[in-house]
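Using our numbering, you'd call the opening residue of the sequence shown number 229 and step up by one each time.
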Amino acid sequence: FLNKLLSILIGSFLIAIGVNVFLVPSELLDGGTIGIGLVSHYVTGIQVGLVIIMVNTPIFIFSWFYNRSFFYNSLHGMLFSSFMIDLLYPLHSIGEQYHIPFVFAILGGITVGLGIGSMLWSNISVGGTDLLALMFARRKKLNPGMIIFIFDFMIVFTGSMIMSNGSLLLSCLAVICVGITTSLVSTMKQTE
229 FLNKLLSILI GSFLIAIGVN VFLVPSELLD GGTIGIGLVS HYVTGIQVGL VIIMVNTPIF
289 IFSWFYNRSF FYNSLHGMLF SSFMIDLLYP LHSIGEQYHI PFVFAILGGI TVGLGIGSML
349 WSNISVGGTD LLALMFARRK KLNPGMIIFI FDFMIVFTGS MIMSNGSLLL SCLAVICVGI
409 TTSLVSTMKQ TE
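What follows is the structure, encoded as structure tokens:
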């Protein structure tokens, strides 16, 4: 229990720092429900964490019936990380002072990836589109990582089209950094 709690706290803090200090000041996107939350925030001003919870609600209801272990292992991670993203939103002013979009895409991706990876270490996730991609991949007998990448790219591409000043290339760089860092951190436990 203590390991899971620590993973949720550290992971949520890192995700919130990555989103608020690096991605938000440069109007960069991430994939998954975080990306949907960022697009909504940039277009309407609504809080990122609130959108994450709203988007995840039907996914979690579905997961209750499809895969209860996902539901139990992800609910706390999703709720706490969403809360932390909104709580630490004022930190975006730090990023606005040192605004370097290329560097922020890399640092934001790495920081969010560290947060997600540290949660995955304890079999916890922030939920969202990863479950949908996993279910689709299983049903069609496809590589789940590739399906998650396609979902993330679709969210980033669509979000970049909706936003007037969003950068597709820098957002793709951030998503790549999230994916690589998440993979490295989550596989470190497997090698221990």
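Glycine included, each C-beta is placed from N, C-alpha and C at the ideal position. Remember, predicted model here, so these are calculated numbers, not experimental data.
V247 counts as buried, since no fewer than 16 other beta carbons sit within 10 angstroms of its beta carbon. With 16 or more other Cβ atoms inside 10 Å of its own Cβ, H269 counts as buried. By the 16-neighbour rule on beta-carbons within 10 angstroms, M416 is exposed. Remark: C-beta atoms of M347 and G305 approach each other more closely than 9 Å. In the three-state DSSP reduction, M391 falls in the coil class, being neither helix nor strand.
Under the Cβ criterion (8 Å, minimum of three pairs), the segment 278-298 does not count as touching the segment 233-247.
Cβ contact annotation for L242 (same chain, cutoff 6 Å, sequence separation greater than five): T339, L342, G343, in chain order.
Taking all protein chains shown into account, W349 has 16 or more neighbouring C-beta atoms within 10 Å of its C-beta and is therefore buried.
Per DSSP, the continuous alpha helix (DSSP H) segment holding I238 begins and ends at 230-245. Three or more beta-carbon pairs separated by less than 8 Å are not found between the segment 377-391 and the segment 311-327, which leaves the two stretches without contact. Just so you know, the alpha carbons of V354 and L307 end up roughly 8 Å apart.
Within the same chain, and ignoring the five residues on either side of G265 in sequence, the residues whose Cβ sits closer than 6 Å to its Cβ are V276, V279, I280. The beta carbon of L256 sits closer than 8 Å to those of F250, L266, P329, F332, A333, G336, G394, S395, L398, S399, A402, all from its chain and outside the five residues before and after it, given in chain order.
Comparing alpha carbon positions, the residue from T357, K369, A365, G407 closest to S302 is T357.
Y294 and F377 have their C-alpha atoms roughly 22 Å apart.
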